[in-house]
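Okay, so the sequence shown: first residue is 116 according to the working numbering, each after it adds one.
The beta carbon of each residue, even a glycine, is placed where N, CA and C say it ideally should be.
As structure tokens, the structure follows; a few thoughts come after it.
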Amino acid sequence: MKQRAIIIGAGLGGLATAALLAKDGYEVTVLEKHDQVGGRARVFEQDGFRFDMGPSWYLMPDVFEHFFGLFGKRVADYLTLQKLDPSYRIKFAEGELVDFRADVDDAAAIFERWEVGAGDKFRTYIRQTEEQYRVALDGFVYKNYDSLLDFVTLKNLKDGRKLDVFRTMESSLKRWFKDERIRKVLAYQLVFLGSSPYSTPALYRLMNHVDFGMGVYYPMGGIHELPQAIWKLAQEHGAALRLEAEVERIAVENGRARGVQLTDGTKLEADVVVSNADGHWTDTHLLGGENQVYSQAWWDRRVLAPSAFILYLGIKGRVRELTHHNLIFSADWKKNFAQIFDTPELPADPSLYVCAPSVTDPTVAPKDHENLFVLVPIPPRVQPSEQQLDAYEDAILTFIAEQFGIADLTERIVTRRRYTGVDFEADYHSQGGTALGLAHNLGQTAVWRPNNTHPRVKNLYYVGAGTNPGIGMPMVLVSAQLARKRLKNDTSSTPPKE
Ligand SMILES: Cc1cc2nc3c(=O)[nH]c(=O)nc-3n(C[C@H](O)[C@H](O)[C@H](O)COP(=O)(O)OP(=O)(O)OC[C@H]3O[C@@H](n4cnc5c(N)ncnc54)[C@H](O)[C@@H]3O)c2cc1C
């Protein structure tokens, strides 16, 4: 008899787990509350535009390649990847506009212009980040941690020094570069990891290798092609999917997960349950009562990654001032992070991101139109009124138009939709409306992040951004491999070979 596995949620973590367990011979059923797969990487269509709802940066291509390789496939069997050149455009609010390419020499020349000697320092720095990347992926990221002893091994202490785990990103970068613009360029990715450079371990410098050494990719058709591809993999191995099937409760009997109950009352039995729903919701709602692992007070003390103020815009005519990925960096960087993490309020002079996928992909917008996705990181646990949001929307659009010099941006909008913290809560039961989950400060990384097993309930596992390794599509694919390692009692720290 095949073992039955139920997976709650068809986010990338749930889909990846479904594919892996189906390949291992489990009878897999994925239950998804929405009417499509992808979770935060869902898509919607409006007035001839197709909008990716969440992620837009396809980074760490080697992690995706490795994942598809576990099935004897290549990414190219499912996706047509385009390497973006430039990788992105940065507008410093106080002036300069610069394009960055996945080219160390090119970036070194820009940094040298800003700070004498920084070019050569950057070349040395980036070699170190490449080593950090290798150490992290070959020994840290693909490992399940159960106790501090798993983490504090001699090897890890040695490698941990290389990884710069115990210094913050900002203090590490300050040792290298005096020019604030350079530090901003090397730290901005933290926002995507849901963190501030003032509290995130310098381990995340490895993202600079990802950025300058590997480059930024885009799957033609949109990011949503990725969850579709992984779902296809899962289907090819026999996994089943039920859409619009929301789980209300995880059934636990005699210390074992026995199945789930849906909101419509349907009960489904299983030998293994894997939750891809947000960690807080799984713990406090799907489990709750005697099986809840952490108190609400504990959850309330967690540092949440930012929420997001998102606009999906259809623009008449092309917007030549933009490339595919565009960022505006706040003049007062420190204050901007403080407004997100310390003294929560809608940032007045924010750093923000504008994605224009139609620059690369004509299928996401009607002819002679541009598809724009605007994201402003805002604090979680604060919900501004509709009136405040309306005013913010106007201010943000004016700011973008001014910064990039786009004439008549607002007048050219032919379709629009706004998405904020309340929507993240409604769609994903996300704690405090966080867009991404738990922030990646040191206290919420590795052994200090909620584990992917329940301490008392057997055969219950967790997958996705809320557990290890954490936030972001590549990390979530790794989380699926970590859940599978649990099921196989595999305690290794290296990427699985099959
Ligand atoms: C705006 C935004 C931009 C981002 N940008 C990037 C980027 O550029 N690059 C990158 O790599 N990452 C990015 N990320 C992060 C990345 O998208 C996420 O970390 C990742 O997709 C999360 O995957 P997950 O497996 O944790 O599941 P999720 O995507 O959170 O999916 C969980 C699924 O579970 C379902 N579910 C929840 N509760 C239930 C229930 N009770 N019953 C049934 N189903 C349920 C939900 O409907 C959902 O489909 C971004 C995220 C956001 C929000």
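Nearest-angstrom Cα separation, counted from residue j out to residue i
i	j	result
Glu142	Ala385	9 Å
Phe488	Phe424	11 Å
Gly380	Ala137	26 Å
Pro201	Ala471	13 Å
Thr535	Ser422	7 Å
Lys148	Asp326	34 Å
Gln247	Phe255	10 Å
Arg216	Phe237	15 Å
Met168	Ser262	36 Å
Tyr577	Gly153	17 Å
Phe166	Pro481	12 Å
Lys573	Leu212	54 Å
Lys612	Phe207	44 Å
Arg204	Phe519	10 Å
Met322	Glu368	43 Å
Asp509	Phe452	22 Å
Gly124	Arg373	17 Å
Lys273	Val250	11 Å
Pro584	Ala595	10 Å
Gly309	His555	7 Å
Glu506	Pro499	Glu is not the amino acid found at residue 506; the sequence shown has Ala there. The alpha-carbon atoms of Ala506 and Pro499 are separated by roughly 11 Å.
Gln454	Gln304	18 Å
Arg155	Phe164	18 Å
Asp177	Gln502	44 Å
Ile122	Asn391	7 Å
Val331	Ile297	19 Å
Lys600	Gly337	31 Å
Thr513	Glu526	11 Å
Trp346	Val145	10 Å
Val362	Asn604	27 Å
Glu180	Gly552	25 Å
Gly581	Asn567	9 Å
Ala420	Arg564	13 Å
Where the alpha helix (DSSP H) through residue i begins and ends
i	result
Val591	Met588 to Leu602
Gln350	Glu340 to Glu351
Glu384	Here Glu384 belongs to no alpha helix (DSSP H); instead the beta strand (DSSP E) covers Lys382 to Glu384.
Ser390	Run containing Ser390: none in the alpha helix (DSSP H); it sits in the beta strand (DSSP E), Val387 to Ser390.
Val219	Val219 to Trp229
Arg416	Gln411 to Arg416
Ile521	Counting along the chain, Ile521 falls outside any alpha helix (DSSP H), and DSSP gives it neither H nor E.
Thr132	Leu127 to Lys138
Own chain partners of residue i with C-beta closer than 7 Å, once the 5 adjacent residues on each side are dropped
i	result
Gln407	Asp398 and Thr399
Tyr409	Asp398
Gly370	Arg571, Val572 and Lys573
Lys117	Gly140, Tyr141 and Glu142
Lys293	Glu230
Sequence-distant residues of the same chain with beta carbon closer than 6 Å to residue i, five excluded per side
i	result
Leu348	Ala134 and Phe186
Gly548	Ser422, Pro495, Gly536, Phe539 and Glu540
Leu194	Pro334, Glu340 and Ala344
His402	Note that residue 402 is Leu in the sequence shown here, rather than His. Closer than 6 Å at the Cβ level, and outside the excluded window around Leu402, lie Ile365.
His544	Asp393 and Trp396
Val387	Ala120 and Asn574
Ala360	Leu146 and Leu377
Endpoints, beta strand (DSSP E) assigned at residue i
i	result
Tyr260	Tyr260 -> no beta strand (DSSP E), and no H or E assigned at all.
Arg238	Element bounds for Arg238: not the beta strand (DSSP E) but the alpha helix (DSSP H), Ala233 to Val250.
Val537	Where Val537 is concerned, there is no enclosing beta strand (DSSP E), although the alpha helix (DSSP H) it sits in stretches over Gly536 to Tyr543.
Phe424	Ser422 to Lys431
Asn567	Run containing Asn567: none; DSSP gives neither H nor E here.
Ala366	Val362 to Glu368
Ala120	Arg119 to Ile123
Gly374	Arg371 to Leu377
Ala355	Ala355 to Arg357
Leu487	His484 to Ile493
Nonlocal neighbours in the same chain, by C-beta distance under 8 Å from residue i, ignoring five residues either side
i	result
Thr283	Pro312, Tyr313, Ser314, Thr315, Pro316 and Ala317
Ile515	Ile443, Leu467, Val469, Val489, Ile521 and Leu524
Val562	Tyr260, Asp261, Ser262, Leu263, Asp265 and Phe266
Ile511	Phe424, Leu426, Pro465, Leu467, Val489 and Val491
Ala446	Phe207, Ala208, Glu209 and Asp464
Gly353	Ala137, Glu142 and Val143
Asp279	Gln247, Ser287, Pro316, Ala317, Leu318 and Arg320
Arg189	Glu180 and Phe183
Can you find at least 3 beta carbon pairs, one from the region 524-541 and one from the region 215-229, that sit closer than 8 Å? The region 524-541 vs the region 215-229: no contact.
Would the region 584-602 count as touching the region 427-443 if we require 3 or more Cβ pairs under 8 Å? Contact between the region 584-602 and the region 427-443 is absent, with fewer than three C-beta pairs closer than 8 Å.
Enumerate, from N- to C-terminal direction, the unbroken beta strand (DSSP E) stretches of 3 or more residues contained entirely within the region 156-197. You should have 158-161 and 164-167.
Could you tell me which uninterrupted alpha helix (DSSP H) segments, each at least 4 residues in length, are contained entirely in the region 277-339, listed from first to last along the chain? 284-291, 295-302 and 304-307, all fully within the region 277-339.
Run through the region 432-459 for me and flag every whole alpha helix (DSSP H) of 4 or more residues, listed as ranges in chain order. The region 432-459 contains these whole alpha helix (DSSP H) runs: 448-456.
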